[in-house]
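Residue numbers (full-length UniProt numbering): 1 to 138.
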């Protein structure tokens, strides 16, 4: 027979606005107050534990898998806006906030988006890109 898990009760004081937002959020996703607090606590502890473990240099990969479908001129005209911002390479801190939005891009535009938008924004951490074609028929 397994031992029952012991639970402890505690009180939390919150600003009313935060409490109201929290209640609306947890009700929207359909979980209890206790369960949502437990999940938030586990999430915070896991994220803080990983910070110290990954404090050195790390290597990562962001794969983008796409079909070679060609979009109409309508799609290209809707999302052909230019994105630019100044880079200050002397700045010791680089803001990695990135406001992304879904876009329709042709095959040719995809490489340009990766090179000129994403890699440009994260110039201090992206050191390489690779474009590979995979063919299912071969």
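Backbone N, C-alpha and C define an ideal beta-carbon position, used for all residues, glycine too.
As the structure is a computational prediction, the values presented were derived from the model and not from experiment.
Decide if residue 131 is buried, meaning its Cβ has at least 16 other Cβ atoms within 10 Å, or exposed. Locating residue 131 in the chain shown gives position 131, where the first residue counts as 1. By the 10 Å Cβ count, residue 131 comes out exposed.
DSSP state of residue 121, grouped into three classes? Here residue 121 is taken as the residue at index 121 of the chain shown, counted from 1. Here residue 121 sits in helix by DSSP.
Smallest Cα separation from residue 8: which of 124, 108, 37 and 62? Your numbering for residue 8 matches position 8 in the chain shown. Of 124, 108, 37 and 62, the residue nearest in Cα terms is 37.
Proximal residues to residue 18 (C-beta, below 6 Å), its chain only, five neighbours per side dropped: As a first step, residue 18 is located in the chain shown; it is residue number 18 there, counting from the start. Cβ within range, chain order: n/a, list empty.
Roughly how many whole angstroms lie between the Cα atoms of residue 81 and residue 113? Taking the chain shown and counting its residues from 1, the one referred to as residue 81 is at position 81. Taking the chain shown and counting its residues from 1, the one referred to as residue 113 is at position 113. Low confidence applies to residue 81: its pLDDT is 47, below 50, so where it sits in the model is not reliable, and the reading given next is rough at best. Their backbone Cα atoms lie some 11 Å apart in a straight line.
Please classify residue 121 as buried or exposed, where buried requires at least 16 other C-beta atoms within 10 Å of its C-beta. Mapped onto the chain shown, residue 121 falls at position 121. Looking at its Cβ environment, which holds 16 or more other Cβ atoms inside 10 Å, residue 121 is buried.
In this structure, does DSSP put residue 29 in helix, strand or coil? Numbered from its first residue, the chain shown carries residue 29 at position 29. Of the three classes helix, strand and coil, the one that applies to residue 29 here is helix, per DSSP.
Looking only at its own chain, which residues have a Cβ that is under 8 Å from the Cβ of residue 39, when we skip the five neighbours before and after it? Taking the first residue of the chain shown as position 1, residue 39 is located at position 39. Result list for residue 39: 31, in chain order.
By DSSP, does residue 134 sit in helix, in strand, or in coil? Position 134 of the chain shown holds residue 134. In the structure shown, residue 134 sits in coil (DSSP, three-state: anything other than H, G, I, E or B).
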